[in-house]
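Structure first, commentary second.
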Amino acid sequence: MSKRETIITTAMTLFNQKSYTSIGVDKIIAESKVAKMTFYKYFSSKEVLIEECLRRRILEVQTSLLDKVNSADNPLNKLKSIFNWYIDWINTEDFSGCLFKKATIEVLQLYPSIKKQVNKYREWIYSLVLSIFLELEIEDPKVLSSLFLNIIDGLIIDGTINKPEINSEETWSYINKLIELETKQKYEAA
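Residue 35 in the UniProt record's numbering sits at position 35 of the sequence shown; the count goes up by one each step and never skips.
Here's what the structure looks like:
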């Protein structure tokens with residue numbers, strides 16, 4: 001692994017385990033076992049490093065999530081694969097929240113340039129979910145897409161606060177009922 005990669009991987013781990021505000025450049029340099037000059041050769045500031053960490057996280061999520069979605073055989077199973085991907089991630093031992101949400105809450109005011117990566121992730125996941133709801137021929141797929149992602153956001157927050165309280169089967173059951181209600185209304189109206 002290159003020194004640049006080592007710095008990014010180390011920073012992502014530290015930001016995930018702790019926070020963006022509590023981890024400084026010196027800690028990242030020490031944990032990465034690189035010289036300060038090496039760090040600044042690749043990253044002119046902590047802000048630039050955070051942007052790169054978020055860019056990297058987008059690629060990781062896209063690759064992993066699309067793998068699951070593309071293996072599903074129908075639109076409902078595609079949505080369930082997205083839901084299950086987030087549940088599986090939340091249930092990992094090292095889950096400490098979402099790097100995008102943490103960045104928004106902790107450092108967006110300080111480093112406004114990170115908003116581009118946060119928005120890029122959000123727009124990508126919204127477009128993916130919307131495209132699946134369009135496949136389901138939901139009457140108002142935008143509303144249901146937003147609602148689905150709000151549920152996912154809530155699960156992520158619950159996962160950082162009280163993971164044992166998450167009942168994924170019951171939550172999916174309610175999502176499924178909403179989908180059934182929307183598809184049923186469409187066909188009843190026709």
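Positions of the beta carbon are idealized from the N, C-alpha and C atoms, including for glycine.
Select from the options the residue whose C-alpha is nearest the C-alpha of residue i.
i: K120; options: K3, Q62, D158; result: Q62
i: M37; options: I7, L178, K68; result: I7
i: D153; options: G24, T183, E52, I90; result: I90
i: K27; options: A11, N16, Q17, K41; result: A11
i: L130; options: L66, C53, L79, Y20; result: L79
i: I138; options: I82, I179, S71; result: I179
i: E60; options: S173, I125, K142, E170; result: I125
i: T183; options: L155, D140, W172; result: D140
i: I157; options: G97, P112, S168, A72; result: G97
i: T171; options: P112, L155, K163; result: L155
i: K116; options: M1, V48, V34, A35; result: V48
i: K163; options: L134, Y42, D88; result: D88
Less than 9 Å between the beta carbons of residue i and residue j, yes or no?
i: L144; j: P75; result: no
i: S19; j: K102; result: yes
i: K3; j: V25; result: no
i: L65; j: L128; result: yes
i: I166; j: F148; result: no
i: I82; j: I132; result: yes
i: S146; j: N84; result: no
Which of the three DSSP states is assigned to residue i in this structure?
i: A72; result: coil
i: A30; result: helix
i: G97; result: coil
i: Y187; result: In this prediction, Y187 scores a pLDDT of 45, lower than 50, which makes its location untrustworthy; the coordinate-derived value is nonetheless stated afterwards. Three-state DSSP puts Y187 in a helix.
i: Q109; result: coil
i: E139; result: coil
i: Y40; result: helix
i: A35; result: coil
i: T21; result: coil
i: S2; result: coil
i: I125; result: helix
i: N119; result: helix
i: S173; result: helix
i: T92; result: coil
Let me know if residue i comes out buried or exposed under the rule of 16 or more other beta-carbons within 10 Å of its beta-carbon.
i: Y187; result: For Y187, the predicted model reports a pLDDT of 45, less than 50, meaning its position is unreliable; a value from the coordinates is still stated below. So Y187 counts as exposed.
i: T92; result: exposed
i: S32; result: buried
i: R57; result: buried
i: Y86; result: buried
i: A190; result: Confidence in A190 is poor, its pLDDT being 41 and thus under 50, which makes the residue's placement unreliable; the coordinate value appears in the next sentence. Classification for A190: exposed.
i: N16; result: buried
i: E123; result: exposed
i: L181; result: exposed
i: E5; result: exposed
i: L14; result: buried
i: S173; result: exposed
i: K177; result: exposed
Quick test of your reading: residue i and residue j, contact by CB under 8 Å. State the CB separation rounded to the nearest angstrom.
i: F100; j: V118; result: 5 Å
i: I151; j: L54; result: Not a contact, Cβ separation roughly 23 Å.
i: T21; j: E106; result: 5 Å
i: I23; j: F39; result: Rounded, the Cβ-Cβ distance is 13 Å, inconsistent with contact.
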